[in-house]
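In the numbering used here, the protein residues as written are 294 to 430. Read through the structure below, which is laid out as C-alpha cells, and then see the notes.
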C-alpha cells in the first residue's frame, strides 16, 4: 500500500471546517485513494499545540483526534526518541539558510528513513527538499 507522510497542516485542516486548507485537504485525500499514513509524535505535539488556546471544546476534539490516530491501524506514528531529536537538530543546523522548523526537519528525516516521497501538506519547505506536497489550492 502507498505510504504518505501526514504533516501537521493535514491533521489541523482535516478536523477544522473553517480552516482555509480544509477543502484542499479533502480534495487531496479523495485524489490519493487508499494509503497508509505515517506521522510522528512530534507532529502530534505540534497539532495539539495548535489547539492549546482555542477553548476547551476544540482542545477535547484535538485530543480525541490524537487518540483516534494512535488507535488507527492505517496510521504509523513514529516515536519521539533522543536519536530522532538529535538527527533533527543536526539537519536543522545544516539548513541555517532555510526557515524549517525542527518538527519539519524531524519529519523530513523520517520520510527519508522510510523512503516516503509524498506528504499531505502545503508547506513549501518539503518541496525544497525534493518531496511532493499533495495539498494544493
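Where a beta carbon is used, it is the ideal one built from N, C-alpha and C, also for glycine. These figures come from a predicted structure and were not determined experimentally.
{"Item": "For the beta strand (DSSP E) that contains residue 358, what are its first and last residues?", "Value": "Here residue 358 belongs to no beta strand (DSSP E); instead the alpha helix (DSSP H) covers 349–364."}
{"Item": "Expressed to the nearest angstrom, what Euclidean distance is found between the alpha-carbon atoms of residue 312 and residue 303?", "Value": "11 angstroms"}
{"Item": "Is the beta carbon of residue 427 closer than 8 angstroms to that of residue 411?", "Value": "yes"}
{"Item": "Would you list the residues sitting across from residue 406 in a DSSP beta bridge?", "Value": "Answer by DSSP bridge pairing: none, since residue 406 is not bridged."}
{"Item": "Which residues in the same chain have their Cβ closer than 6 angstroms to the Cβ of residue 299, if we skip the five residues on either side of it in sequence?", "Value": "330, 332 and 413"}
{"Item": "Please go through the region 308–351 and give each complete alpha helix (DSSP H) segment of 4 or more residues, from N-terminal end onward.", "Value": "315–325 and 334–343"}
{"Item": "With a threshold of 16 other CB atoms inside 10 Å of the CB of residue 350, please say whether the residue is buried or exposed.", "Value": "exposed"}
{"Item": "Quick check: what's the CA-CA separation for residue 344 versus residue 408?", "Value": "31 angstroms"}
{"Item": "In whole angstroms, give me the CA-to-CA distance for residue 309 and residue 354.", "Value": "10 angstroms"}
{"Item": "Short of 6 angstroms in beta carbon distance, which residues of its chain neighbour residue 328, apart from the five on each side in sequence? Order them along the chain.", "Value": "295 and 297"}
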